[in-house]
Structure formats: structure tokens, C-alpha cells
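Worksheet: one structure, shown below.
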Amino acid sequence: MFSGGVSTGGGRASSAVGPSSCPADHRVHLDLGFFQELEEKFDAKGGPFAQAYVVAHEYGHHVQNLLGTMNRVGRGRAGAESASVRPELQADCYAGVWAKNAVVTGFHDRPFTDDDIREALDAASAVGDDRIQERVQGRVDPEGWTHGSSRKRVRWFTTGYTTCSPARYGTLSGGI
Ligand SMILES: [Zn+2]
């Protein structure tokens, strides 16, 4: 956790990068300022479970690093069903799987409430590419998407949370 800037195995990360998972040093880097930005810049309601969603999403990328997922899908191209978006939606799905298992494994000491889940979904929706584009450039251009639309990010978190089944993590190929 850091504020303002941190040295990672992948070079120096500034807070402009946002939260990230670094394949070089196997660490998740969380800029604490991002959680404030989530509310102020991305217009999310915020709350503890919104933050938990962000952290779980980054750990999802760590799982992908361990599994070599990024090498399989490649990177680079943007677009609604691009190689950039697919692992992002999978990380959202993993975040949902985490939410489900956090209670079962005793990591979280009480069942999540509908309000908790709503916080996560609100955060997932707030960081959707279409919502960000609309706010920043006043129009939506799916060709430029790198993380997926608000609707898809909500959908894949929900898929992970409700199915909790590896067979349902299918964001890497086919229609998403
Ligand atoms: Zn991500």
C-alpha cells in the first residue's frame, strides 16, 4: 500500500497507474489515493466493500499471473471483446468468487449483505469504460475499451459471486 508513488519490480508506479498487480515482484500495489478517487473522480458511492472489490480484482490478476493467463490471451488491442478486456472481466469474475468464498472460509466473519454487494457492483459499474468515456470525453467509443463496460463488469462480478464455478469463468474466449 502506498500513497503517491511506489517502486515495483516492474518499474516505478505512480498513483496515475491506479491499483495494479505486478508480475515481476508478485505483489499487488494499492494506491490508497485511488479509493478516494473512486468516490470523487469515478463517482462511486464507495464503502468498505467497494474497496474490497478493487483489492480482490487485483488479486484476480495475481492469480492470472500465476496461471500464465496473460501470456495466453496476449495484450495490447482495445475493444469491447478485445484481449485487453477479457482478462479484466475475468478478474472481476474472480473478485466475485472471492466475495463468495470469503464468508465460507471464515475470512469475513459475517455473511455479506445486499448493501455490501451493492457497494461492489456500484464500484464495478463506476470503473466501466463506457461510464468513464462518457464523463471524460462526452461520448462512448467501444473501440477504445480496455476494461469492459459497466454492464459487463457488473455481470462478471455477479457471475463469479453466484456460480462460484471454474467452468463459468469463460471470459477468455467466445462471446462475453
Ligand atoms: Zn484489472
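In terms of the numbering used here, the sequence shown is residues 2 to 177.
Ideal Cβ placement from N, Cα and C applies to all residues, glycine included.
Which residues share a DSSP beta bridge with F43?
What you label residue 43 is simply residue 42 of the sequence shown in a count that begins at 1. Paired residue(s): none; F43 is not in a bridge.
Exercise. Would you tell me roughly how many angstroms separate the C-alpha atoms of K101 and P49, rounded to the nearest one?
Key: On the sequence shown, residue 101 is found 100 positions in, with the first residue counted as 1. On the sequence shown, residue 49 is found 48 positions in, with the first residue counted as 1. About 16 Å.
*Given a threshold of 16 other Cβ atoms within 10 Å of its Cβ, counted over all protein chains shown, does V105 qualify as buried or as exposed?*
Along the sequence shown, read from residue 1 onward, the residue named residue 105 stands at position 104. The residue is exposed, with fewer than 16 neighbouring Cβ atoms inside 10 Å.
If I follow the unbroken beta strand (DSSP E) through S21, where does it start and stop? Position 20 of the sequence shown, counted from the first residue, corresponds to residue 21. It spans 21 to 23 - the beta strand (DSSP E) in which S21 sits, taken as one unbroken run.
Requested in this report: Look up H30 in the DSSP assignment and give the residues it is bridged to.
Outcome: For the purposes of this step, residue 30 is taken as the residue at position 29 of the sequence shown. DSSP, once it has assigned bridges, lists S21 as partnering H30.
The alpha helix (DSSP H) spanning L67 covers which residue range?
Taking the first residue of the sequence shown as 1, we reach residue 67 at position 66. Note, L67: alpha helix (DSSP H), 49 to 68.
Would the beta-carbon of E144 fall within 8 Å of that of A79?
Start at 1 with the first residue of the sequence shown, and residue 144 comes out as number 143. Start at 1 with the first residue of the sequence shown, and residue 79 comes out as number 78. Yes, the Cβ-Cβ distance between E144 and A79 is below 8 Å.
Query raised in the report: According to DSSP, what are the bridge partners of F36?
Result: Your numbering for residue 36 matches position 35 in the sequence shown. Paired residue(s): none; F36 is not in a bridge.
Item to complete: State yes or no: is the C-beta of S174 within less than 8 Å of the C-beta of R154?
Response: Translated into the one-based positions of the sequence shown, residue 174 becomes position 173. Translated into the one-based positions of the sequence shown, residue 154 becomes position 153. Contact flag unset, no.
Exercise answer, beta-carbon shell around ligand 1 heavy atoms below 6 Å: H58, H62, E89, A92
>> Please determine whether the Cβ atom of A103 lies at a distance below 7 Å from any heavy atom of ligand 3.
In response: Ligand 3 is absent from the structure shown, which contains only ligand 1.
F108 bridges to which residues according to DSSP? The count along the sequence shown starts at 1 and reaches residue 108 at position 107. In DSSP, F108 forms no bridge with anything.
**Prompt:** Considering only the beta carbon of each residue, do G75 and G161 sit closer than 8 Å?
**Reply:** In the sequence shown, the residue the question calls residue 75 occupies position 74. In the sequence shown, the residue the question calls residue 161 occupies position 160. Contact: no.
Taking only the alpha-carbon atoms, compute the straight-line gap between F43 and D93 and give it to the nearest angstrom.
-> In the sequence shown, the residue the question calls residue 43 occupies position 42. In the sequence shown, the residue the question calls residue 93 occupies position 92. Whole-angstrom Cα-Cα distance: 17 Å.
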